[in-house]
Amino acid sequence: FMLEGTPGKKEIKELKVGSPLEEVLDFSHILTSERNEKYFFTTADRVDHLVLGGAEMSNAVRAKDNKIIPIVASKILLRVFSILQGFTEREAIIEKLMTKFPETGCSYCGKKPCNCALDRPKGLAGIEPSEIQKRWTMSQWQKHLKEVYGASNAQQGMAGISNRLGSEIAEVVQARMLMDRRDNKEEDTEKYKHEAITELADVFAWALATCNEIDVDLERAFVERYGKGCPNCNKVPCICTEFSLIDERKINRL
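Position one of the sequence shown corresponds to residue 24 (this note's numbering), numbered consecutively onward.
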């Protein structure tokens, strides 16, 4: 079996801890693509689903429900991957992450840990992305982001981190709205699509930040939830029908 649309790639029937982010993206595509194509009719549907994930995170943080936070963060990541899937740009997020969060330190001040003031410099530090990051796992990305930004994020606390996550999701919404304007030229649509992917990279990073704040490995949480199939039907690919829009905390109260 080969991954559809990607010559030379083996189909991944089970996701394991230690898989590079590229393989996580491939597995997520296999897991969700059939269901997404049936029940998401537009890019806006996929983005709206992400917005609901952001609201779930706000609820979990407000309730100080640390057991639920990694589950909700995992759902947010899968929804990020679903939007990328709809763009047919699954792996573009890796390039964005490499540019925004280079191996050697902050892309603005060039330091590790980040030494930026509250108002970051307008220009970038000119750091070149590292090719080694192409094979990083989610845990490696999480560790790197903690080393660069963990101290400054901790000053904001979980509420501040959750607010930043929500802000980045809102920027995805804005980019999607600009992308879908009726009077767009083709180059405008492409430009705003790549702006949306940039914002999705930020959503990915802030989802990891929520788990850094409570010292949880989000990769392990993601694999525990999705690694052997959909948590509802237990199948790869998922064979569920309509999406449940119930807040995770309400499900877990039953």
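Don't be surprised by glycine CBs; every beta carbon is placed ideally from N, CA and C. Computed from a predicted model, the values in this text were never measured in an experiment.
Once DSSP output is grouped into helix, strand and coil, what is the label at Pro-93? helix
Is Met-161 buried or exposed, if buried means 16 or more other CB atoms sit within 10 Å of its CB? buried
Please go through the same chain and pick out, in chain order, the residues whose beta-carbon is closer than 8 angstroms to the beta-carbon of Leu-168, but skip the five residues on each side of it. Phe-124, Ala-228, Leu-231, Ala-232, Asn-235
Please classify Asn-59 as buried or exposed, where buried requires at least 16 neighbouring CB atoms within 10 angstroms. buried
DSSP beta-bridge partners for Pro-43? Thr-160
Starting from Ile-262 and walking both ways along the alpha helix (DSSP H), at which residues does that stretch end? Counting along the chain, Ile-262 falls outside any alpha helix (DSSP H), and DSSP gives it neither H nor E.
Any idea what DSSP makes of Gly-183, helix, strand or coil? helix
Thr-55 classed as buried or exposed, judged by whether at least 16 other C-beta atoms fall within 10 angstroms: buried
Would you call the stretch 188–198 and the stretch 245–255 in contact, with 3 or more CB pairs under 8 angstroms? no
Which residues mark the beginning and the end of the alpha helix (DSSP H) in which Val-74 is found? 66–85
Quick one: which unbroken alpha helix (DSSP H) runs of 4-plus residues sit fully inside the stretch 227–254? Chain order, please. 241–249
Option nearest Ala-115 by Cα separation, candidates Glu-213, Ser-81, Lys-87: Glu-213
Rounded to the nearest angstrom, what separates Phe-63 and Arg-69 at their Cα positions? 6 angstroms
Since Val-246 and Met-181 should fall inside the 8 angstroms C-beta cutoff, what is the C-beta to C-beta distance between them, to a whole number of angstroms? Their Cβ separation, rounded to whole angstroms, is 23 angstroms, which puts Val-246 and Met-181 out of contact at 8 angstroms.
Which value, in whole angstroms, describes the spacing of the CA atoms of Glu-265 and Asn-255? 12 angstroms
With a CB to CB cut of under 7 angstroms and the five nearest residues on each side skipped, what residues in its chain are close to Glu-37? Gly-250, Lys-251
Hey, quick one: how far does the alpha helix (DSSP H) through Ile-117 stretch, first residue to last? 115–123
Is it true that the CB of Asp-240 sits closer than 9 angstroms to the CB of Gln-165? yes
What do you get for Asp-49, buried or exposed, if any count of 16 or more other CB atoms within 10 angstroms of its CB means buried? buried
Can you have a look at Lys-258 and say buried or exposed, based on whether 16 or more other CB atoms are within 10 angstroms of its CB? exposed
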